[in-house]
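Structure below.
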């Protein structure tokens, strides 16, 4: 018999939040944490599933798990997403009810994975067959294609869906899939042209460059290097754990399975390549004769390659980037575009090209996966859409996303209440009205056709005259000022006049999830979403078949002068269609929650989860479910679970199930107000009652277990006793036999021992006799040996005495012979000395005669020889003295011994030069590569700052250390060190100057070969990262201060927040390293410009501020101080140098 478990069995925490007691936000979060820590990531709120992203693989999605949840009651097993998917599928198959599964949550919460799990479960449990399997495979393989073109890496999620997706899966009467229809909502097209720092563009761009073959890239005129394309973010181009090349192969295979033809795949890749090429087109200003500004394309190579890919005439597209034609009835006016307008047109074309390509992909997939039969279908919808968004800067995208979530919350409450009411009516239970927050007033504030915010925005976009974001905000302040959920600085409610957290250019809406502050900057432009008609017509003229389909409005024969609908209007209409679609289906909800911002396992950040619980309205959902009856169960399972609590129902109840439950509840004396009887279910009002039943059941199970153990132990002991009794007889018989055998063995052994002792005594007696005989023989041999030895020693002594006598005679004879030899030697030596003396005397006489004869010849050359001898002696003395008085080996030692004689001036100077060169060579040979690099930097610093900067002389004696913080060794900066992949060339603490008050905030400055990073000194979090190619110049003053400004190139990704004004104690070293590394990192080889002036401009976001250096007495200490004079001037006071 199959053993069935229940939601209430072996609970970790509470599996259904409706049963949570007491109910509060803290207990709600604590229950989620407890289940999360035990790998229970799913929790119910009635029929709603809460899913907490575990950020790791769990063994709960195996085929065995699928079979475990197949055809099981929703509350029969522990909470799981498979239970909800099975409930929805069985309701669709058996009850003919169309279903929809709504998956919501913020980015990184696991919505996309949840939708994949739902689809994979339905595919696993539905029917089999060749055609059915083909349909299932096409439905599943549509996901990789849409993810490649619609997903991107963000700071919160490496595979974040940047669009909303709703898929209707169609089934036949047997429950087998026939096809599907996909709807997409609000693709984040602004990501195509610009990505926030730390994020990437859509996956397909990186997959194409990484995974395409060399031949394919050559046909598409592309290069694998990401840095060649302006639309691709470089700081996060490579994502750990994401293989773009393998993903590209997966996408191409998925497109083939879905049904894309080879030429269609090639056309799609050509359009992706065209978007990349489009981002590289740059413009330059050009003045016309009438004084008007005009833009021209700088380098036409990328424009030419893009036109070749799309089959467009280069001159047509180039003119569309430079001119704009406005038509009004029968008139046409052509105006030139300046550089800013040309860049706007380029980006608008790129965004429209990509979003239209994405919409075409969705349409093409729908053509492949749509149901072929026209009979009525059963439908299951899966909605994977962005959750409520509250960022630091909220704009138009967040506004319409939150509007969509308001509508989803509204329909969620309505459908939940309707489902509750229908069940009460079906079971015959009296329905009581439930009080809850109705967010219809917020939806009306946004979507009202008369005075709603979206209506005001459309009206402002369509009216003639000057239209700006400020005029739109003024209109909101006029129309919505008295609305209780709208706030602004100019609201008629005076309490906001002193609210400094509410800027003048912003408004705030009290959503159901909390207050959200929206900045109106960009609302009008993003709502207009204009693409110049000249560009549409240029695209329509392309020979590319797919381009003509994407830009039908460019057909000159079908020119429509009517203004296209705004983005807000289109989104509002699509949301309205979605809401009508959802109201016709039975809803099933999955609420996804992200446990932490680090994308790490085993981390549960309570504040982050609390924020999501609030804006998902989960507490409100629990209160709605608990407002009536907290728990309900069919009579059969209820009686089966609790029948052991009553003697009349245990072990079997023979009557109707409802009567059995009534007898059970009466016997337990449960108050009648705590429950009600429906037609097929019992309804329990308070969770305490359910927990009371569970506690009684647990105690009863313990008693039953004890009884079963007692009976089993008795049977086991009796069986064991009978077995022992039977065994004792057998053991006794065997023991008696064994004892007799043992006695016989002892007697036999004793006999053997006596025999052995006797034989031993006889053997030992014989041995003694033999030993005595042997000893006698050995004694005779020993005596003979001793006698022979004495004889031998006596003979030896005689022979030694004879030998000593013979040696004494030899020694005496040798001594006599030696004496005679020495006497003869002395005689011969004396004779030789006499002969030598005679020879010497004769030689001296002969020499005297010769000198007397030739003396006259020597007197003639005596002066010259004496001069040469004197000079030679002087030079010898000079060199020996110079050797003793040479200076030290230091190259900077300028001392040199004085020359002793004036005629040695030239030689003295030449020797000094030779010695200095030799000394420098020896000194250089001692240098290591690191020391050479330090001296090269010192030399470069001298070229930059000598006689230009007052601070330079004091830095000459200070060595350039580079890493002052020892960032790789200091555990305090371990987190920061792990974020930097390259070698750190400089790590120092600097002050970042605030333009508002001139005060400094401590930051850690890191310099690598490619980037300059600024990080918070306390937390180690990277605040800003600047690529060295984006660095235009560095400005410093001529005075004795440490201030410097990093100026960024206009239009670069790093220039969004403007330039940086910093102060450092090691300014000379910092600027020198920046100048050296910035020159090598530059693509064009241009050296980084260092401006040394006492007055320069710094770009702060949209404003330019002048920084002026003056001499004066600082207020605090002896260092320079910065003070704000006005909105356009920062004054730096530097102490005067002595």
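In the working numbering, the protein residues as written are 7 to 1144. Cβ atoms here follow ideal geometry from the backbone N, Cα and C, with glycine treated the same way.
With three or more CB-CB distances shorter than 8 Å, the segment 1023-1042 counts as touching the segment 1050-1064. In the structure shown, residue 1002 adopts coil according to DSSP, grouped into three states. Within the same chain, and ignoring the five residues on either side of residue 610 in sequence, the residues whose Cβ sits closer than 6 Å to its Cβ are 39, 42, 601.
When secondary structure is reduced to three states using DSSP, residue 1126 falls in the coil class, being assigned neither helix nor strand. Residue 968 and residue 160 have their alpha carbons spaced roughly 33 Å apart. Scanning the segment 403-485 for uninterrupted alpha helix (DSSP H) segments of 4 residues or longer gives 446-453, 459-468, 475-485, listed from N- to C-terminal end. Apart from sequence neighbours up to five positions away, the residues of its chain that approach residue 155 with a beta-carbon distance below 7 Å are 208, 210, 364, 367, ordered along the chain.
DSSP places residue 1099 outside both helix and strand once states are collapsed to three, so it counts as coil. Judged by DSSP in its simplified three-state form, residue 637 adopts strand. Here residue 616 has 31, 35 as same chain residues with Cβ atoms under 8 Å from its own Cβ, once five neighbours each way along the sequence are excluded. Note that the C-beta distance between residue 526 and residue 478 is below 8 Å. Between residue 1134 and residue 1112 the beta-carbon gap is near 6 Å, inside 8 Å, which marks them as a contact.
The residue from 996, 585, 266 with its alpha-carbon nearest to that of residue 1023 is 996.
DSSP lists 1114, 1129 as the bridge partner or partners of residue 1137.
Of the candidates 732, 195, 1074, 195 places its Cα closest to the Cα of residue 354. Here DSSP, grouped into helix, strand and coil, assigns residue 712 to helix. When the alpha-carbon of residue 530 is set against those of 556, 403, 1141, the nearest one is in 403. Assignment of residue 764 by DSSP, reduced to helix, strand and coil, places it in the helix class. For residue 545, the enclosing alpha helix (DSSP H) has its first and last residue at 539-546. Taking the Cβ atoms as the reference, residue 628 lies roughly 6 Å from residue 51, within the contact range of under 8 Å.
Residue pairing by DSSP places residue 1009 opposite 996, 1022 in a beta bridge. At the C-beta level, residue 53 and residue 80 come within 8 Å of one another. Residue burial annotation: residue 645 is buried, with at least 16 other C-beta atoms found within 10 angstroms of its C-beta.
Taking residue 852 as the centre and dropping the five residues before and after it, the same chain places no C-beta closer than 7 Å to its C-beta. A direct Cα-to-Cα measurement between residue 177 and residue 384 gives close to 5 Å.
For residue 27, no alpha helix (DSSP H) segment is defined, and its DSSP state is neither H nor E.
Judged by DSSP secondary structure, residue 253 falls within the alpha helix (DSSP H) whose first and last residues are 250-264. About 6 Å separates the Cβ atoms of residue 183 and residue 132, confirming a contact at the 8 Å cut-off. DSSP places residue 922 in the uninterrupted alpha helix (DSSP H) bounded by 911-930. Following the DSSP letters along the chain, one finds residue 574 inside the alpha helix (DSSP H) bounded by residues 573-589. Pairwise C-beta distances place the segment 714-729 out of contact with the segment 682-701, as fewer than three of them are shorter than 8 Å. Taking C-beta atoms as the reference points, residue 639 and residue 687 count as a pair closer than 8 Å. A distance below 7 Å between beta-carbons, with the five flanking residues on each side excluded, links residue 546 to the following residues of its chain, in chain order: 554, 557, 560, 561. Assigned with DSSP and collapsed to three states, residue 1043 falls in coil, not helix or strand.
Counting the other Cβ atoms within 10 Å of the Cβ of residue 89 gives 16 or more, which makes it buried.
Setting aside the 5 residues that flank it on each side, residue 1107 is surrounded in the same chain by 1063, 1064, each with a C-beta closer than 7 Å to its C-beta; the list follows chain order.
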